[in-house]
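Single-structure report; data block below.
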Ligand SMILES: NC(=O)c1ccc[n+]([C@@H]2O[C@H](COP(=O)([O-])OP(=O)(O)OC[C@H]3O[C@@H](n4cnc5c(N)ncnc54)[C@H](OP(=O)(O)O)[C@@H]3O)[C@@H](O)[C@H]2O)c1
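In the working numbering, the protein residues as written are -11 to 272.
Here it is in structure tokens:
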């Protein structure tokens, strides 16, 4: 196994999610399923190794959702890591369903969310979910009803903390008027910064911002400005992109995902990187 010149995720510092504290570089488990986050992986033992290596490298925040697989992703995590090491926070999401491989359909109806959380608790082998995120607003259901249902489930002891995902600043405010919100998960990376205002709101509120698609895909990693700074610093494009996110805001909690142990180790290098002002200027 490759030796790293650092001690892993802890070097990124920590962030609070309500009364929980996690290292500021997490792991997104979505891609451990089959392609398109659909079905089961071809090699379960390999998935176990990736998850164990992430924990070994200090990752204590893993993001999943009931719609990854669907359902398979949460089971992969519990099969690999249960009984969970102390301090590991597993964040899951509900509110999207997958009628087929290519569809992600919002379902924010209270009945659906109540059923969804029971399924997640069972698959993750938990009595309470540390962070339950409403995956996306459902245009056919009042947002207040969906978030209100999660608040009820929190009062029943099934959820410790609530987060929201794919929201605007206005939706975040509506959610916060119903119940405390500890995190927002929106797409954000060097190439796509459309959630800049949501990030600024999280900073003002002191709550975590989880950028999904943090590497920005192949096109993001090939962007010219990344190439230039990465070659000057002798870094991989992925490690540089993640170091940029970590430098961008103290509330940033990136959740890069991979099926490769080499890529996982590369991504974790970002935790200990300090970019200088010239790097940050060049990255824009
Ligand atoms: N809330 C939402 O609506 C939403 C939507 C999408 C995702 N998410 C969450 O966000 C997490 C991350 O998002 P994501 O998986 O879409 O994007 P990502 O983490 O930015 O990118 C993952 C992709 O990049 C590749 N990769 C990872 N590390 C690499 C490295 N060091 N060098 C080169 N390629 C690398 C992976 O392929 P290899 O496997 O080959 O490394 C994979 O194809 C997901 O796991 C999920 O938990 C949330």
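Even glycine gets a Cβ: it sits at the ideal position worked out from N, Cα and C.
Since we're looking at a predicted model, the values are computed, not measured.
Do the CB positions of residue 149 and residue 6 come within less than 8 Å of each other? Residue numbering aside, residue 149 sits at position 161 when the chain shown is read from its first letter. Residue numbering aside, residue 6 sits at position 18 when the chain shown is read from its first letter. The answer is yes: Cβ separation under 8 Å.
Residue 175: which of 40, 255, 9 and 243 sits nearest, CA to CA? Taking the first residue of the chain shown as position 1, residue 175 is located at position 187. Per the Cα distances, 243.
Meets three-Cβ-pair contact criterion under 8 Å: the region 160 to 179 and the region 224 to 236: yes
Classification of residue 144 by the beta-carbon crowding that lies within 10 angstroms, buried from 16 upward: The sequence position of residue 144 within the chain shown is 156, counting from 1. Residue 144 should be labelled exposed.
Is the Cβ-Cβ distance between residue 25 and residue 51 less than 8 Å? Taking the chain shown and counting its residues from 1, the one referred to as residue 25 is at position 37. Taking the chain shown and counting its residues from 1, the one referred to as residue 51 is at position 63. No, the Cβ-Cβ distance between residue 25 and residue 51 is not below 8 Å.
Contact check, residue 134 vs residue 83 under 8 Å by CB: the rounded distance? Along the chain shown, read from residue 1 onward, the residue named residue 134 stands at position 146. Along the chain shown, read from residue 1 onward, the residue named residue 83 stands at position 95. Right, the Cβ-Cβ distance comes to about 7 Å (below 8 Å), so this counts as a contact.
Below 8 Å, can you find three or more Cβ-Cβ pairs linking the region 96 to 104 to the region 60 to 72? no
Could you say which of -1, 241 and 39 lies nearest to residue 247 if we only look at CA atoms? Sequence index remark: in the chain shown, residue 247 carries index 259 (1-based). Ranking -1, 241 and 39 by Cα distance to residue 247 puts 39 first.
Please tell me whether, using a cut-off of 7 Å, the distance from the CB of residue 153 to the nearest non-hydrogen atom of ligand 1 is below it. What you label residue 153 is simply residue 165 of the chain shown in a count that begins at 1. Yes.
Residue -4 classed as buried or exposed, judged by whether at least 16 other C-beta atoms fall within 10 angstroms: Against the chain shown, residue -4 aligns to sequence position 8. Buried is the call here.
Going straight from the alpha carbon of residue -7 to that of residue 253, what length do you get? Locating residue -7 in the chain shown gives position 5, where the first residue counts as 1. Locating residue 253 in the chain shown gives position 265, where the first residue counts as 1. Here the model assigns residue -7 a pLDDT of 44, short of 50, so the residue's position is not dependable and the matter cannot be decided.
Helix, strand or coil: which one does DSSP assign to residue 166? As a first step, residue 166 is located in the chain shown; it is residue number 178 there, counting from the start. Residue state, collapsed to three classes: helix.
Identity of the residue in 115, 75 and 58 nearest residue 88 by Cα: Counting from one through the chain shown, the residue named residue 88 turns up at place 100. The shortest C-alpha separation from residue 88 is found at 58.
Are there 16 or more other CB atoms within 10 angstroms of the CB of residue 245, so buried, or fewer, so exposed? Within the chain shown, residue 245 is the residue found at index 257, counting from 1. Its Cβ being crowded by 16 or more others within 10 Å, residue 245 is buried.
With a 10 Å radius around its C-beta and 16 neighbouring C-beta atoms as the bar for buried, classify residue 132 as buried or exposed. What you label residue 132 is simply residue 144 of the chain shown in a count that begins at 1. With fewer than 16 Cβ atoms within 10 Å of its Cβ, residue 132 is classed as exposed.
Please name the residue in 85, 182 and 138 whose C-alpha comes closest to that of residue 169. Stepping through the chain shown from its first residue, residue 169 is reached at position 181. Among 85, 182 and 138, the Cα nearest to that of residue 169 is on 138.
According to DSSP, residues forming a beta bridge with residue 154: Within the chain shown, the letter at position 166 stands for residue 154. Residue 154 is not bridged to any residue.
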